[in-house]
Amino acid sequence: AEGRRLDTERDRLQVERRAQATPQRVERLARERLQMRPPTPAITHYVAYSDGGADASAATNPAVQPRETGGRVP
Numbered sequence: 211a212e213g214r215r216l217d218t219e220r221d222r223l224q225v226e227r228r229a230q231a232t233p234q235r236v237e238r239l240a241r242e243r244l245q246m247r248p249p250t251p252a253i254t255h256y257v258a259y260s261d262g263g264a265d266a267s268a269a270t271n272p273a274v275q276p277r278e279t280g281g282r283v284p
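All residue numbers for the sequence shown refer to the numbering used here, where the first residue is 211 and numbers rise by one.
If you want it as structure tokens, here you go:
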């Protein structure tokens, strides 16, 4: 009896876990709790890569640091 109850609870928890991870739920939580929204051209910042040293954005924004990977993602 105890084993059957534990199996039933495990099955219920597995279904609940799968429901928690659906893309629709993640998207809804991102919108509602984090105020996230899909990117649009109006809110997208493009960074130009330059082989000639530090990027111009680094001079105007100290939080932007140039990458030392030659433009490749490590």
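C-beta: ideal position from N, C-alpha, C; glycine also.
Determine the DSSP secondary structure at residue i, reduced to helix, strand or coil.
i	result
glutamine 245	coil
aspartate 221	helix
valine 257	coil
alanine 229	helix
glutamate 211	The identity of residue 211 in the sequence shown is alanine, whereas the question assumes glutamate. Note: alanine 211 maps to coil in three-state DSSP.
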